[in-house]
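Below you'll find the structure, written out as structure tokens, and then a few comments.
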Amino acid sequence: GAGVSQSPSNKVTEKGKDVELRCDPISGHTALYWYRQSLGQGLEFLIYFQGNSAPDKSGLPSDRFSAERTGGSVSTLTIQRTQQEDSAVYLCASSFLSWGRNTEAFFGQGTRLTVV
Amino acid sequence: TQLLEQSPQFLSIQEGENLTVYCNSSSVFSSLQWYRQEPGEGPVLLVTVVTGGEVKKLKRLTFQFGDARKDSSLHITAAQPGDTGLYLCAGSRAGTALIFGKGTTLSVSS
């Protein structure tokens, strides 16, 4: 596709259930990021994939959160045993190479997760 | 610890007014970016500044990178309702994740 695609766009889940969020980055982009955004707030960094390097997981808030990137393309963010505080918009972004001096990040429209 | 502090957090002004949004840090960044986000959408890049003291203009928007590459400002001249949105600054260091500030929510009424 022409842009970063995220699915689902909305997800309502019961507390304690596991959820998977999917991100299809722009073809050819080697860097992929996941961020979390609470209502009206800035972006909280979660995880960063860059090529074949080990991912930077320093932003994951707990061990209930994990992410994979298969074949250097599609990524899945998994949240196990969801809690109400996990409710937020989860944004995925991709870019060429790594964050550099002139690298633009392209964002998807996000997945709005509501834990009830 | 918030690496990038944005101020003000909220700004509500009338059409035609000027405004400045600030992005400050105690850390040095190789570049700073400004993004604008509308409700239900992902952020969209407005500009990247890379050189200390650099000034970039994008129509009515003027962006400045501090001499020490620790801070940046966004100035909007004669704001219009279409400028309404969440403005985010983001700092980049080589090989690390792009870090975002908490954003400034701008509302411009006609």
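In order, the protein sequences belong to chains F and C.
Anchor point for the first sequence: position 41 equals 41 in my numbering, and the numbering is continuous, going up by one each time.
Anchor point for the second sequence: position 81 equals 1081 in my numbering, and the numbering is continuous, going up by one each time.
A virtual CB, placed ideally from N, CA and C, is assigned to each residue, including glycine.
Counting only Cβ pairs nearer than 8 Å, list the residues of chain C close to F:Q41.
The sequence position of residue 41 of chain F within the first sequence is 41, counting from 1. Neighbours of F:Q41 across chain C, judged by C-beta separation under 8 Å: K1102 and G1103.
Measuring only between beta-carbons, confirm whether F:G108 sits less than 8 Å from chain C.
Position 108 of the first sequence, counting from 1, holds the residue named residue 108 of chain F. Answer yes: the Cβ-Cβ gap between F:G108 and chain C drops below 8 Å somewhere.
Hey, is F:F45's beta-carbon within less than 8 Å of any beta-carbon in chain C?
For the purposes of this step, residue 45 of chain F is identified with residue 45 of the first sequence, where counting begins at 1. Yes, F:F45 counts as interfacial toward chain C.
CB contact flag (F:L21, F:T111, <8 Å):
Along the first sequence, read from residue 1 onward, the residue named residue 21 of chain F stands at position 21. Along the first sequence, read from residue 1 onward, the residue named residue 111 of chain F stands at position 111. In this structure, F:T111 lies closer than 8 Å to F:L21 by Cβ.
Please decide whether C:I1099 counts as near chain F, where near means a Cβ-Cβ distance under 8 Å.
Position 99 of the second sequence, counted from the start, is the residue given in the question as residue 1099 of chain C. A Cβ of chain F is located within less than 8 Å of the beta carbon of C:I1099.
With a threshold of 8 Å between beta-carbons, can C:L1003 be considered close to chain F, or not?
Residue numbering aside, residue 1003 of chain C sits at position 3 when the second sequence is read from its first letter. Residue contact check for C:L1003 against chain F: no CB pair falls below 8 Å.
Residues in the same chain with beta-carbon distance under 7 Å from F:F106, minus the five sequence neighbours each way, listed in chain order, please.
Taking the first sequence and counting its residues from 1, one reaches residue 106 of chain F at position 106. Only G3, V4, I26, A93, S94 and S95 meet the Cβ criterion.
Simplified DSSP assignment, three categories, for F:Q37
One-based indexing of the first sequence puts residue 37 of chain F at position 37. Annotated three-state conformation of F:Q37 is strand, per DSSP.
Note down, in chain order, each residue of its chain lying with its Cβ closer than 8 Å to the Cβ of C:P1081, except the 5 sequence neighbours on either side.
Sequence index remark: in the second sequence, residue 1081 of chain C carries index 81 (1-based). Within the same chain, C:P1081 has close Cβ partners E1015, V1108, S1109 and S1110.
Let me confirm a value: F:S66 is counted as buried when at least 16 other C-beta atoms fall within 10 Å, else exposed. Which label applies?
Taking the first residue of the first sequence as 1, we reach residue 66 of chain F at position 66. Classification for F:S66: exposed.
Return helix, strand or coil for C:G1052, following the three-state DSSP convention.
Residue numbering aside, residue 1052 of chain C sits at position 52 when the second sequence is read from its first letter. Coil.
Is C:N1106 near C:T1077, with beta carbons less than 8 Å apart?
Here residue 1106 of chain C refers to the residue found at position 106 when the second sequence is read from its first residue. Here residue 1077 of chain C refers to the residue found at position 77 when the second sequence is read from its first residue. Looking at the sequence shown, residue 1106 of chain C is not Asn but Leu. C:T1077 is positioned such that its CB atom lies no closer than 8 Å to that of C:L1106.
Where C:D1071 falls, given that 16 or more other Cβ within 10 Å makes a residue buried
By one-based count along the second sequence, residue 1071 of chain C stands at place 71. Burial is judged here by how many other beta carbons sit within 10 angstroms of a residue's own beta carbon; C:D1071 has at least 16 and is buried.
Check each residue of the region 1040-1056 of chain C: if its Cβ is closer than 8 Å to any Cβ of chain F, include it; give the result in chain order.
Those would be G1040, E1041, G1042, P1043, V1044, L1045, T1048 and V1050, in chain order.
Span separating the alpha-carbon of F:Q109 from that of F:P61:
As a position in the first sequence, residue 109 of chain F is number 109, starting the count at 1. As a position in the first sequence, residue 61 of chain F is number 61, starting the count at 1. The alpha-carbon atoms of F:Q109 and F:P61 are separated by roughly 22 Å.
With a cut-off of 8 Å on the beta carbons, I'd call F:Q50 and F:E44 a contact; round off their distance for me.
Sequence index remark: in the first sequence, residue 50 of chain F carries index 50 (1-based). Sequence index remark: in the first sequence, residue 44 of chain F carries index 44 (1-based). Their Cβ separation, rounded to whole angstroms, is 19 Å, which puts F:Q50 and F:E44 out of contact at 8 Å.
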